[in-house]
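Mapped onto the working numbering, the consecutive letters of the sequence shown carry residue numbers 2 to 483. A virtual CB, placed ideally from N, CA and C, is assigned to each residue, including glycine. Computed from a predicted structure; not experimentally measured. All remarks here apply to the structure that follows.
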Amino acid sequence: MICTQRRALIALLLALPLGACAEAPPIARDATTHAPPAPSSAVVDSERLYVRFSPPGEPITLQGGQRTTRLLIDADADTETGMRYESTGESLGVDLEIQISPAQRDGAPGVGAAAWAWGSDHRSIQLSHSEIGFMFTPSYAARDYEARIDRALSPEAQRRLGSTVRTLGSTQRVRVRVAQLDRDGRELWVSGVIEAEAPPAGKRPPAGVVPSRAPGSVRVLSHNVLHASPGKDPGAFVRMYRALEPHVILVQEWDGWSGDRLAAWFNERVPIEGTWSAVAHPGERAGVAVISRLPIREALTERVVAPGGNWPVRFVGAVVETDAGAMLVGSMHLKCCGTSGSSEDERRVHETRAINAYVQRALDQREIGMCVLAGDLNLVGSRPPLDVLRAGLDADGSELEAARAFVVGDTWQHTWTDDRSLFTPGRLDWMVYSDSAQRETSAFVLETEGLSREELSRTGLRRGDSRASDHLPLVADFLPRR
């Protein structure tokens, strides 16, 4: 029955045109919605300003250079401070300007994000996204977005700005305007002025705690380790894996290591209960592997080739034995970069079609219900790669569910961050599972900067451990449905 249901629905879903996948329901904390665009709005708490906006027209990848999106923030609701801005009869004294796909000298939108603070002398100082804690969600093209900005600037930014700039930290009322610009700087769309009252600013100390694992559950961890970094500088990775105590680890970018070599590394450096074994993709630079201290019943290392192309897909799987029976797990690393509709984005769709078809056959042939697939999906273009991956693979023929993993000690879901990059933090890594056969008891993203001092001491972690890679560990715990 499992096979029949799964085959029937997946054939229907994968036969749909690519654009149809974009209409799938939103997952977790995505800002995507299929209702009419919501009015733009802003909320301020003691630590951050949050702005929600819904540009009209076809969704675009905000950081991909398709159009410049501009956030103008009047931090003190005073038109006489900062940069004077007037449009459609409304005035702002802009203290902070953020551009996503910032306009270049010729007016063409660039990539990433940039910010400028405007002082009382009407001069600006450029800031990076990390200095103001700017990020937005989702990372792919969508109808609705939510952005956030820290009220407290980084110490270095505060030093450079001095006393000439009005910051969000001292404000009682904020005014915001969002716009999208064409190549000539003309406003194609504006939100109108959004106002929000601001409570007293204050930064709380980190208070995150690593969620404990429910008795009997299986903990799965997915981690892009950045060019086999554990082999060069193992310390932070060893501390994280020991503290998290996963049963199964799905890695990406652990290039050039065989399964035997990976197993030896884990048995030597992460000696928790059980014996580690590993299955690595046979490609020299594929970098994907399954490492498990649960028994691996079968390795799934057949070459997966994307339809419409002749390139191998970076995917490897295994069947592991849990106390509740067999579970199919798989690690993947999709094509990087691009924007919505780009060749890179289309390739990601082709890759997930191939992975989906391969996993479907593997599940059907073995009559397995429990399934967990995870990895770096590089979801920076459009949403369809995620939806194609999930389609019809659950034991009841429905789509796989996405783990609801928030960053520990935070309300966001980013899994990639690099302060030196032009691009803001984003949710590039995903974990999906068969929710008809198993239930998620806990899911989280580990960012050690958000852990309390007591939790760092308890777990043996250090404040900067999660920055050993540009990707953060993504973790979920599962129990079988009885």
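Judged by DSSP in its simplified three-state form, Ser343 adopts coil rather than helix or strand. For Trp266, the uninterrupted alpha helix (DSSP H) segment begins and ends at 260-270. In summary, Cys337 is exposed, with fewer than 16 beta-carbon neighbours lying within 10 Å of its beta-carbon over all protein chains present.
Below 8 Å, enough C-beta pairs join the stretch 132-152 and the stretch 425-444 to call them touching: three or more. His415 sits in coil when the DSSP states are folded into three classes, being neither helix nor strand. The stretch 403-411 makes no contact with the stretch 346-364; the number of CB pairs closer than 8 Å stays below 3. In this chain, the beta strand (DSSP E) harbouring Gln100 covers 97-101. The continuous beta strand (DSSP E) containing Gln181 extends over residues 174-182. It is roughly 30 Å from the alpha-carbon of Arg149 to the alpha-carbon of Met333. About 6 Å separates the Cβ atoms of Ala118 and Leu128, confirming a contact at the 8 Å cut-off. One Cα belongs to Val210, the other to Arg483, and the distance between them is close to 29 Å. The C-beta distance from Pro212 to Ser443 rounds to 4 Å, short enough to fall under 8 Å.
For Phe238, there is no enclosing beta strand (DSSP E); the residue is part of the alpha helix (DSSP H) that begins and ends at 236-245. When C-alpha distances from Ser55 are compared across Ala265, Gly193, Glu441, Arg391, the shortest belongs to Gly193.
Secondary structure of Gly83 (DSSP, three-state): coil. In chain order, Gln181, Leu182, Asp183 place their CB closer than 7 Å to the CB of Leu189, counting only its own chain and leaving out the 5 sequence neighbours on each side. Gln159: member of the alpha helix (DSSP H) spanning 156-162, first to last residue. Residue burial is scored here from C-beta neighbours: Asp346 has at least 16 other C-beta atoms within 10 angstroms and is therefore classed as buried. Here Pro283 is exposed, its C-beta having fewer than 16 other C-beta atoms within 10 Å. DSSP places Ser458 in the uninterrupted alpha helix (DSSP H) bounded by 454-460. A Cβ-Cβ separation of about 13 Å leaves Val476 out of contact with Tyr434 under the 8 Å criterion.
When the beta-carbon positions are compared, Pro206 and Leu452 stay at least 8 Å from each other. In the same chain as Ala76, and ignoring 5 residues on each side of it, the C-beta atoms closer than 7 Å to its own belong to Asp96, Leu97, Arg167, Thr168, Leu169, Thr172, Val175, in chain order. Here Asn311 is exposed. Its C-beta has fewer than 16 other C-beta atoms within 10 Å.
The Cβ-Cβ distance between Ala469 and Ala290 does not fall below 8 Å.
Excluding its 5 nearest sequence neighbours in each direction, Arg348 has C-beta neighbours in its own chain below 6 Å: Lys336, listed in chain order. Rounded to the nearest angstrom, the Cβ distance from Pro110 to Gly66 is 5 Å, consistent with a contact under 8 Å.
Around the Cβ of Arg220, a 10 Å sphere holds 16 or more other Cβ atoms; the residue is buried. Rounded to the nearest whole angstrom, the CA to CA distance from Asp79 to Leu329 is 59 Å. Bridge pairing for Val330: Ala319, Val373 [DSSP]. When DSSP states are grouped into helix, strand and coil, Asn379 belongs to the coil group.
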